[in-house]
Each structure stands twice: as structure tokens, then as C-alpha cells.
Amino acid sequence: MKNKFVFVCVIFVLLAMGVAIGSLVYSAIFVASWVNQVLIAQWMPYALYILLLAIILITAAFTYVFIRQGRATETPSVPESRILPITIIIPALNEESTLEQCVESLIGSRYPQDLLEVIIAHEVAPRCRDSTPAIAKRLAEKYCNVKAVPNDGEHSGSKAGSINNCIEMASGEIIGIYDADHVVEKDALIRACAHFVSSPELACIGGKVMVRNMDYNFFTTLVGNEYTVINNFSRFLSELITGTHLIYGSNVFIRKGALVRIGGFDESSLTEDCDLGMKLIYGNYPMKIDYSIRSYEQSAINFRDWWHQRVRWTRGSMGVLKKYMRIYSADTRMSRKSIETILLYSLGTGGLLFSVILIGFMGFMMYMNVITPLILFICCAPLAVLFASESMNEYKEGRGSILDTILSILVRPWVIYAYSLVGVYAVVLDILSSDHVWHENRRI
1 MKNKFVFVCV
11 IFVLLAMGVA
21 IGSLVYSAIF
31 VASWVNQVLI
41 AQWMPYALYI
51 LLLAIILITA
61 AFTYVFIRQG
71 RATETPSVPE
81 SRILPITIII
91 PALNEESTLE
101 QCVESLIGSR
111 YPQDLLEVII
121 AHEVAPRCRD
131 STPAIAKRLA
141 EKYCNVKAVP
151 NDGEHSGSKA
161 GSINNCIEMA
171 SGEIIGIYDA
181 DHVVEKDALI
191 RACAHFVSSP
201 ELACIGGKVM
211 VRNMDYNFFT
221 TLVGNEYTVI
231 NNFSRFLSEL
241 ITGTHLIYGS
251 NVFIRKGALV
261 RIGGFDESSL
271 TEDCDLGMKL
281 IYGNYPMKID
291 YSIRSYEQSA
301 INFRDWWHQR
311 VRWTRGSMGV
321 LKKYMRIYSA
331 DTRMSRKSIE
341 TILLYSLGTG
351 GLLFSVILIG
361 FMGFMMYMNV
371 ITPLILFICC
381 APLAVLFASE
391 SMNEYKEGRG
401 SILDTILSIL
411 VRPWVIYAYS
421 LVGVYAVVLD
431 ILSSDHVWHE
441 NRRI
């Protein structure tokens with residue numbers, strides 16, 4: 001209750017700051033118009049047109065490059081003699097409804113079975129409350145290249161721990177990580193392998209994660225590809241600006257040697273994937289993204305799961321940023337890419353708070369008839385273009401629909417305001433040093 005009360009108070013304070021800034025701007029405009037009415041009347045519309053044109057051009061450029069990189073290309077050719085042994089680790093907790101489908105999709109991929117190893121790193125009772133261990137054991141008996149490894153030792157209790165528990169026993173030169181709700185495209189593994197073969201210095205590559213349960217219920221239809229666009233575009237933007245990115249914890253491949261050298265995953269982190277990405281960046285390990293390496297996951301199926309998942313992601317990212325800012329303060333030799341990545345993601349977190357102030361500002365300015373509600377749509381236009389582009393891509397591939405495209409234009413851009421509330425709540429939890437509570441998402 002204390003967290004929620006402070007959260008509401010902080011929201012009101014941020015909105016009040018926006019209103020206060022709006023009143024100052026309004027007063028300045030009023031004084032300026034009284035001094036020189038012609039200047040305001042003639043040049044204000046031009047300023048707005050220039051702003052709109054800049055938004056359109058920047059959005060078009062980013063969207064073009066983003067979509068171009070995301071297009072599927074022909075599967076790269078890798079000589080059979082050069083295909084690398086690969087181990088896929090699937091951390092699994094209460095995944096009885098999804099685990100088998102995930103393993104079957106990996107076994108059915110276009111990868112030599114004698115070079116493919118799948119390790120199901122499952123939790124045990126009492127933390128595991130369903131038949132996941134039994135399913136893992138049955139799959140290990142069914143396929144000679146599948147192992148079931150219970151996480152019941154010193155690493156038990158976290159996804160990071162279940163992966164760390166399997167690193168040493170992994171036989172592959174490359175280690176891939178997939179959550180148990182994923183279904184991979186048949187050429188995903190060979191595409192990843194091709195990058196490691198052609199770039200011996202490459203340490204890590206991430207692929208594109210897409211949503212496979214958009215039509216499950218009203219909520220998943222409404223939210224749709226929100227997660228796909230925001231997750232993939234944030235990594236694309238980071239790669240474009242800094243030349244590197246934080247990784248996503250599924251559909252990602254890492255050289256075993258590099259993973260061992262950096263000490264594996266941080267088991268104390270809320271977002272172990274974000275922390276691993278910073279470890280790789282801090283160690284100057286080459287990384288890249290290939291959006292044609294695709295897998296499909298289940299998104300949150302109700303608002304409660306969606307909210308708790310994104311609060312955890314935001315709070316975990318804040319923890320990672322604070323951790324590496326402390327490291328930088330003690331180590332001034334940190335690489336330029338590390339510093340740029342920290343600054344970029346810090347601006348992203350700060351932007352969530354700023355957006356609440358912006359809501360207060362724009363609300364006041366609309367109330368005073370300085371701007372029209374149209375400005376809200378202009379601000380959301382870039383997101384609408386990104387969401388719609390992804391929807392149209394999926395429609396061309398036979399997965400999307402006209403309704404999905406319409407929702408991408410009219411509804412999903414407004415999700416950014418919900419993200420603002422997520423950011424504020426995560427900051428409040430962090431300030432109050434609230435316990436890190438893991439909320440499990442329901443599977444279907």
C-alpha cells in the first residue's frame with residue numbers, strides 16, 4: 001500500500017511540474033504576443049510546420065533502415081565441415097504447457113542433429129509446481145541429444161542460476177538461450193552459426209523476437225506487436241548510435257569461451273540478460289543483431305502480467321545501469337561504447353519520467369487553447385509508423401491482419417504513456433528499496 005501511495009503522489013508531482021512549466025511558457029507567449037503580435041501570429045505556424053516536417057523525415061529515415069534490416073534474407077550457406085557444435089539451454093519453471101513445443105521446434109530445425117545439444121535446465125519442487133520436470137525427463141529419453149538437468153544445487157532459484165548450472169557441461173562451442181515459451185524458425189540456428197563462422201572474433205549475436213499469441217484474447221489483440229517493436233527498435237537504435245546493444249535474454253547466442261571468461265550470468269540481477277550485455281560491452285566483446293534470426297514467444301495475456309513484467313524489466317535495467325555507473329566511477333578506463341550505452345539507457349529511463357511531465361504540460365496548454373489535441377497525434381505518429389510497418393510486414397508473411405494494422409496506427413502508440421507509469425512505479429520501488437518480487441506470467 002505504501003508503494004502505491006507514494007507512486008500516486010509522485011505522479012501528481014510530475015504532472016504538477018508539467019502544469020507549472022506550461023504556465024511559465026504560456027506567460028512568456030502572452031507577454032511576447034503583447035509586445036509583438038505580428039511576430040507570434042506569422043512565425044508560430046511556421047515553427048510548428050518545421051517541427052512536423054522534422055518528425056516526418058526522422059521517422060521515415062529510421063523506419064526505412066529498421067525495416068530494411070529486419071527483412072528476411074536467404075539462409076546463409078555454411079560448409080558442412082565448418083558448422084559449429086551448438087548447445088541450446090532452455091531455463092524452465094512451471095512451463096508444462098510450452099516446453100515440449102519449444103524443444104520440438106529446436107529438434108525440427110535445419111541443423112545437424114549430431115552437432116546440436118539441447119539442455120532443459122528445469123527448477124524442482126517446491127519452486128516448480130507442475131509437471132515440467134517429468135516432461136523434461138520424457139523429452140530427454142525421447143531424443144538422444146536432449147538432456148534434462150535439474151537446478152537443485154547452489155544455483156537454484158533463478159533463470160540466471162539455471163543457465164550457469166549448465167555452462168560447464170555444455171558441449172557446444174556456441175551456447176544459445178531460449179525461454180521455454182519460444183518456437184524457433186527452422187533456419188534460426190544455422191543463421192546464427194553462419195555469423196560465428198564468418199566472424200571468428202564475434203562473441204554474441206541476438207535475433208528478432210516476435211509475438212505468437214496476439215489473437216489469444218482481447219488484451220493480446222489490443223497490445224499485439226507492442227513488445228516486438230519496442231524491444232527490437234530499442235536494440236536497433238542502440239546499435240545505430242553506440243555500435244552495440246544490451247541483449248535480450250532469449251533467441252541469443254554466445255560463444256562459450258566468452259561466456260566463461262565474463263563469469264556467466266549475474267544471479268542477483270532482476271534482468272540478467274541486460275547485465276550480461278553490459279558485461280560483454282564492458283569487456284569490449286564484439287556483438288551484433290540479425291533480425292532474420294527469428295523466434296516466436298508468448299506475450300503477457302492480461303494487464304497484470306504485462307504491468308509486473310515491464311516494471312521488473314525497468315527496475316532491473318535501472319539496477320544494471322547503477323551497477324556499471326559505479327564501476328565507471330572507479331575505472332576511468334571504461335570504453336567509449338560502455339559509456340555511450342550507459343548514457344543512452346539512462347536517457348531512456350529519464351525519458352519515462354519526463355513523459356509524465358510532458359503530459360501535464362500539454363494538458364495545460366490544450367486547456368489554455370495554445371495547442372490543439374492534434375499535437376498529441378503528431379507526437380505519437382513516429383510510433384504509429386513503426387507499429388504499422390511491423391504489422392504490414394507480418395501481414396505480407398501471412399501472420400498479421402488488417403485489424404492488427406489498424407490497431408497499430410490508432411491504439412498501440414498510446415502504450416508509451418502506460419510505459420511512463422511503469423517507469424515512475426519502478427523508480428518508486430527502487431527509492432523505497434522494496435523487495436524484488438518475481439511475478440510469474442501465465443502461459444497458454
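Take the sequence shown: its letter number 214 is residue 214 in the working numbering, and every next letter is one higher.
Ideal Cβ placement from N, Cα and C applies to all residues, glycine included.
When the five nearest sequence neighbours on each side are left out, no beta carbon in the same chain lies closer than 8 Å to the beta carbon of Ile406.
Restricting attention to Ser391, Gly350, Gln101 and Ile89, the CA atom closest to the CA of Glu117 is found in Ile89. In the three-state DSSP reduction, Ser355 falls in the helix class (H, G or I). Here DSSP, grouped into helix, strand and coil, assigns Leu270 to coil. DSSP places Val211 in the uninterrupted beta strand (DSSP E) bounded by Cys204 to Val211. In the structure shown, the three-state DSSP call for Phe364 is helix. A direct Cα-Cα distance of roughly 45 Å separates Tyr328 from Asp215. For the stretch 222-257, the full-length alpha helix (DSSP H) segments reaching 4 residues or more read 226-242 along the chain.
Leu276 and Glu239 have their alpha carbons spaced roughly 16 Å apart. Ranked by Cα distance from Asn151, the options Thr132, Asn145, Cys144 and Tyr143 are led by Thr132. Residue pairing by DSSP places Val184 opposite Ser295 in a beta bridge. Here the alpha carbons of Ile371 and Ile254 stand approximately 50 Å from one another.
Taking all protein chains shown into account, Asp181 has 16 or more neighbouring C-beta atoms within 10 Å of its C-beta and is therefore buried. Distances from the CA of Gly157 to each of Leu410, Ser269, Ile402 and Ser346 were compared; the closest alpha carbon is that of Ser269. Your pair Tyr143 and Ile107 checks out as a contact, with CB atoms roughly 6 Å apart and the cut at 8 Å. For Ala136, the number of other beta carbons within 10 angstroms of its own is at least 16, and it is reported as buried. Using a Cβ-Cβ distance cut-off of 8 Å, the stretch 370-385 and the stretch 395-403 are not in contact, since fewer than three pairs of beta carbons, one from each stretch, lie closer than that value. A direct Cα-to-Cα measurement between Glu141 and Asn213 gives close to 30 Å. Taken through DSSP and simplified to helix, strand or coil, His195 comes out as helix.
By a beta-carbon distance limit of 8 Å, Asn94 contacts Arg129. Their separation comes to about 6 Å. Close CB contacts of Ala121 within its chain, under the 8 Å cut and outside five residues either way in sequence, are with Ile89, Ile90, Pro91, Ala92, Val149, Asn151, Ser162, Ile163, Asn165 and Cys166 (chain order).
Of the residues Gly153, Ile21, His195 and Asp114, the one whose Cα lies closest to the Cα of Val78 is His195. Per DSSP, reduced to three states, the secondary structure at Met392 is helical.
The residues Gly360, Phe361, Gly363 and Phe364, in chain order, have a CB closer than 8 Å to that of Val19 in the same chain once the five nearest residues on each side in sequence are set aside. Secondary-structure assignment with DSSP links Gly176 through a beta bridge to Ile88 and Phe253. In the structure shown, the three-state DSSP call for Asp114 is helix. DSSP, read as helix, strand or coil, puts Met287 in strand. With a cutoff of 7 Å on beta-carbon distance, Gly207 and Pro85 are scored as not near each other.
Of the residues Ile431, Trp438, Asn441 and Arg443, the one whose Cα lies closest to the Cα of Asn3 is Ile431.
Residue environment: Phe218 is assigned as exposed (fewer than 16 neighbouring CB atoms within 10 Å of its CB, all protein chains considered). Taken through DSSP and simplified to helix, strand or coil, His122 comes out as strand.
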